[in-house]
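Protein chains in written order, with the working numbering: chain A, 1 to 251; chain B, 252 to 502.
No residue lacks a Cβ here, since even glycine has one placed at the ideal position from N, Cα and C.
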DNA sequence: CAGTGGTCTAGACCACTGA
DNA sequence: CAGTGGTCTAGACCACTGA
């Protein structure tokens, strides 16, 4: 038996498949086009379906494919650029920042949240839930934690519909002295997954932002974006459009 | 047959397992501690090894576990905070920015790189390769593309050892007018994977940064960080330490 | 209800590590 | 060389979609 590429004999089958499929996608498929089904593709490449699926998973993770149960696998459009921490000096909840409020509650701060906010566990915190949509797609969800102490002027008796707007309005009365963000990889919890139209465990980019007013932390936001379809942009613009995929080929 | 939780009967087994393991890690294990091997764990939970592995993969993706072939699975330490785009107005290659140069070459710009740089394909570009280490761990790799036109004062005949330092030095002579970054999920190519001590296809956070001098793009950097072990920080500090894992529990 | 992707099994064998 | 995680197979069945 001879192999055509003895030097790459070590390469896992699924990784090689990924490359082959990736090239084929670029050459022979249009965005939105539907691929042959998995059983068909596996047979065509002479591998088990599980192996084929490993390759597809990679490509989906990289934003090249989109798979939907009961429907099929399609070629994904380029990732959506989502601007994060857009204009310095801006509190969350500006009028047209792309977010839509879906709920708000007041409760005692769990330990981890309290720690991030620099308050005692159990102190009262407003929890504003928001979703971000681009076109008609939900690309991100967010939980914004605002200590009750940050918004002392908040009226008492608020209707559920008035709660979130009031909290955000009060927040804007504070002078924002700075904000820091961190980005890391996570997996979608059941609730987020449903809102993002993904299965639980889907890879997400988690952005944690701390908003400061004076020396204190006035609020903390935890935002969750679909990792397969989003590219998070920081700084003045988001125009850079070299993807990892293309850059790697170039190297 | 009755299930103890009829309302969660729909939950995939591997997802439930992930949760159970995650709780067990927090309660019964120390950072660095080694877990029972996969065959043992699968037997203990009464699932196939493949199913157990799906749960472990999730936890590794989330930075909770570290798996090494031939060694075992250990509880991972908290993610390393890596500062990205640290001080505004700073070119890459400052003296102590955590990067170490590992090579430099000059070649014709491939199409994608040329486009990002705003130059014609085939124009000459210096390609500086660097790695970033924290402690003795390589957490990131980078390719910095600098058009030859950006560094006109570069001496001719340079020894390989002098090439990269000279390019970075020339770059610092330009006035930096701004920089934009984008973060997205990718998978490690063979070369990056080796440097990051991961297998090909490992999830990485890809940061693409465009450095501007005047209206032109003076350089583009593509940095690749281990997604399992890194948390990328933007802005003044990186002190926010709510992880997705903990925030989700709190919600 | 046909067709799709998602989950799960039981098993074999390979690549790698460190004693 | 024993023990670990990584790869791969062949198959069954489930959940979901849209005609």
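*With DSSP as the reference, label residue 486 (chain B) as helix, strand or coil.*
In the structure shown, the three-state DSSP call for residue 486 (chain B) is strand.
*asked:* I believe residue 477 (chain B) touches residue 449 (chain B) by the beta-carbon criterion, under 8 Å. Please report the beta-carbon distance rounded to the nearest angstrom.
replied: Indeed they touch by this definition, with Cβ atoms about 7 Å apart.
*On a CA-only basis, which of B:323, B:274, B:342 and B:278 is nearest residue 429 (chain B)? Give me that one, please.*
Among B:323, B:274, B:342 and B:278, the Cα nearest to that of residue 429 (chain B) is on B:342.
*Would you call the CB atoms of residue 82 (chain A) and residue 231 (chain A) closer than 9 Å?*
Yes.
*Taking 9 Å as the CB-CB cut-off, is residue 233 (chain A) touching chain B?*
It does: the Cβ of residue 233 (chain A) has a partner Cβ on chain B nearer than 9 Å.
*How big is the Cα-Cα spacing for residue 385 (chain B) and residue 348 (chain B)?*
So the alpha carbons of these two residues sit roughly 11 Å apart.
_With three or more C-beta pairs closer than 8 Å as the rule, is the stretch 408-428 of chain B touching the stretch 369-383 of chain B?_
With a cut-off of 8 Å, the stretch 408-428 of chain B and the stretch 369-383 of chain B count as touching, because enough Cβ pairs lie within range.
_To be precise: take each residue of the stretch 423-435 of chain B, compare its Cβ to all Cβ atoms of chain A, and keep it if any distance is under 9 Å. Which residues remain?_
Residues of the stretch 423-435 of chain B with a C-beta less than 9 Å from any C-beta of chain A: 429, 430, 431, 432, 433, 434 and 435, listed in chain order.
*How many angstroms separate the CA atom of residue 265 (chain B) from the CA atom of residue 303 (chain B)?*
As the crow flies, the alpha-carbon of residue 265 (chain B) is around 7 Å from that of residue 303 (chain B).
*chain B within 9 Å of residue 15 (chain A), Cβ atoms only*: At least one chain B Cβ lies under 9 Å of residue 15 (chain A).
*Could you work out which residue in B:436, B:396 and B:420 is closest to residue 457 (chain B) when comparing CA atoms only?*
Of the listed residues, the one whose Cα sits closest to residue 457 (chain B) is B:436.
*Coarse secondary structure for residue 343 (chain B), derived from DSSP in three states*: Coil at residue 343 (chain B), not helix or strand.
*Identify whether residue 493 (chain B) lies in helix, strand or coil by the three-state DSSP scheme.*
Note that residue 493 (chain B) scores a pLDDT of 44, beneath 50, so its modelled location is shaky and nothing firm can be said.
*Is the beta carbon of residue 294 (chain B) less than 9 Å from the beta carbon of residue 398 (chain B)?*
Using a Cβ distance threshold of 9 Å, residue 294 (chain B) and residue 398 (chain B) do not count as a contacting pair.
*asked:* If we require 4 or more residues per run, which alpha helix (DSSP H) segments fall completely within the stretch 313-394 of chain B?
replied: Correct list: 362-368.
*Name, please, each residue of chain B whose Cβ falls closer than 7 Å to the Cβ of residue 200 (chain A).*
Per Cβ cutoff of 7 Å: 266.
*Going by C-alpha distance, which of B:320, B:318, B:269 and B:282 is nearest residue 296 (chain B)?*
Between residue 296 (chain B) and the set B:320, B:318, B:269 and B:282, the nearest pair of CA atoms involves B:269.
*Return the Cβ separation of residue 315 (chain B) and residue 273 (chain B) in integer angstroms, given the expectation that the two are a contact with Cβ distance under 8 Å.*
Yes, they are in contact, since the Cβ atoms of residue 315 (chain B) and residue 273 (chain B) sit about 6 Å apart, within 8 Å.
*Closest by CA to residue 214 (chain A), which one among A:66, A:150 and A:10?*
That would be A:150, whose Cα lies nearest to the Cα of residue 214 (chain A).
*Determine the chain B residues that contact residue 187 (chain A) at a beta-carbon separation under 7 Å, and present them in chain order.*
Residue 187 (chain A) reaches chain B at 309, 312 and 313, counting residues in chain order whose Cβ is nearer than 7 Å.
*With 9 Å as the limit, tell me which residues of the stretch 467-482 of chain B have their beta carbon closer than that to any beta carbon of chain A; keep them in chain order.*
Within the stretch 467-482 of chain B, the residues whose Cβ lies closer than 9 Å to some Cβ of chain A are 468, 471, 473, 475, 478, 479, 481 and 482, listed in chain order.
_For residue 438 (chain B): DSSP bridge partner residues_ = According to DSSP, which records beta bridges pairwise, residue 438 (chain B) is partnered with B:454.
*Residue range of the unbroken alpha helix (DSSP H) whose run includes residue 47 (chain A)*: Counting along the chain, no alpha helix (DSSP H) covers residue 47 (chain A), and no H or E run does either.
_Tell me the DSSP secondary structure of residue 30 (chain A) in three-state form._
Coil, per DSSP.
*Of all the CB atoms in chain B, is at least one closer than 9 Å to the CB of residue 11 (chain A)?*
Judged by the 9 Å Cβ criterion, residue 11 (chain A) is in contact with chain B.
*Would you tell me roughly how many angstroms separate the C-alpha atoms of residue 183 (chain A) and residue 484 (chain B), rounded to the nearest one?*
Looking at the two C-alpha atoms, the distance is approximately 6 Å.
*Using a Cβ-Cβ cut-off of 9 Å, state whether residue 351 (chain B) counts as contacting chain A.*
Taking 9 Å as the CB threshold, residue 351 (chain B) stays off the interface with chain A.
_Cutoff 6 Å; reference residue 459 (chain B); Cβ partners in own chain excluding five residues on either side_ = Result list for residue 459 (chain B): 433 and 473, in chain order.
*Determine, using beta carbons only, whether residue 269 (chain B) comes closer than 9 Å to chain A.*
It does; some Cβ of chain A falls within 9 Å.
*asked:* According to DSSP, simplified to helix, strand and coil, what is residue 304 (chain B)?
replied: Reduced to three states, the DSSP call for residue 304 (chain B) is helix.
_Enclosing alpha helix (DSSP H) for residue 222 (chain A) [first to last residue]_ = If you look at residue 222 (chain A), you'll find it isn't in any alpha helix (DSSP H); it sits in the beta strand (DSSP E) that goes 216-226.
_Cα-Cα separation between residue 256 (chain A) and residue 74 (chain A), rounded to whole angstroms_ = Nothing can be reported for residue 256 (chain A): it is not among the residues displayed for chain A, which extend from 1 to 251.
*Report the rounded CA-to-CA distance for residue 408 (chain B) versus residue 356 (chain B), giving the unit in angstroms.*
Whole-angstrom Cα-Cα distance: 13 Å.
*If you measure from the beta carbon of residue 265 (chain A) to each beta carbon in chain B, is any gap under 9 Å?*
This structure leaves residue 265 (chain A) out entirely; chain A is present only between 1 and 251.
*Locate the alpha helix (DSSP H) running through residue 423 (chain B), then write down its first and last residues.*
Annotation for residue 423 (chain B): the continuous alpha helix (DSSP H) segment containing it runs 411-423.
*Look at residue 328 (chain B) and residue 282 (chain B) and say whether their C-beta atoms are less than 9 Å apart.*
In this structure, residue 328 (chain B) lies near residue 282 (chain B), with their beta-carbon atoms less than 9 Å apart.
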